[in-house]
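*Asks:*
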Amino acid sequence: MRLRFLGSTSEAGACPTLYETDRGTIVVQGLHVTDAEALADLRDVLDGEAAVEVPRELLTEIARRVLPGTPPPDGSNTG
1 MRLRFLGSTS EAGACPTLYE TDRGTIVVQG LHVTDAEALA DLRDVLDGEA
51 AVEVPRELLT EIARRVLPGT PPPDGSNTG
């Protein structure tokens, strides 16, 4: 599998970061969720799966760049 960098909200180039794969999927690099209550709220987590946390701004910024017509993270509509 090959990864292509999509974007990050980190100034230092670390996580959180999103990548697109050559398989048509997305890889999310973020901090592992360790909060027991949050983990208990997850549904159907299979062996080998992990939950990571990323800021909403990262997802909205990438969506804005990749999907035409997606509003900016602040919710304003410039078009």
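Using full-length UniProt numbering, read the sequence shown as starting at 1 and increasing by one per residue.
Backbone N, C-alpha and C define an ideal beta-carbon position, used for all residues, glycine too.
#1: Tell me where the beta strand (DSSP E) around Arg-4 begins and ends.
#2: Within 8 Å, do at least three Cβ pairs link the region 28-37 to the region 46-57?
#3: Look at Leu-39 and Val-28 and say whether their C-beta atoms are less than 9 Å apart.
#4: Look at the alpha carbon of Asp-22 and the alpha carbon of Leu-6, and state the distance between them as a whole number of angstroms.
#5: Count the other C-beta atoms from every protein chain shown that fall within 10 angstroms of the C-beta of Glu-11, then say buried if there are 16 or more, exposed otherwise.
#6: Which residue wins for smallest C-alpha separation from Leu-58, given the options Gly-24, Asp-44, Pro-16?
#7: Keeping to the same chain, check which residues put their C-beta closer than 6 Å to that of Arg-2; ignore five residues upstream and five downstream.
*Replies:* With the structure as the only source:
#1: Taking the sequence shown and counting its residues from 1, the one referred to as residue 4 is at position 4. Run containing Arg-4: 3-8, per the beta strand (DSSP E) assignment.
#2: yes
#3: The residue labelled residue 39 in the question sits at position 39 within the sequence shown. The residue labelled residue 28 in the question sits at position 28 within the sequence shown. Going by C-beta atoms, Leu-39 is not nearer than 9 Å to Val-28.
#4: Here residue 22 refers to the residue found at position 22 of the sequence shown. Here residue 6 refers to the residue found at position 6 of the sequence shown. The straight-line gap from Cα to Cα measures roughly 13 Å.
#5: Within the sequence shown, residue 11 is the residue found at index 11, counting from 1. So Glu-11 ends up on the exposed side.
#6: Here residue 58 refers to the residue found at position 58 when the sequence shown is read from its first residue. If we check each option's Cα against that of Leu-58, Pro-16 comes out closest.
#7: Your numbering for residue 2 matches position 2 in the sequence shown. Correct list, in chain order: Asp-22.
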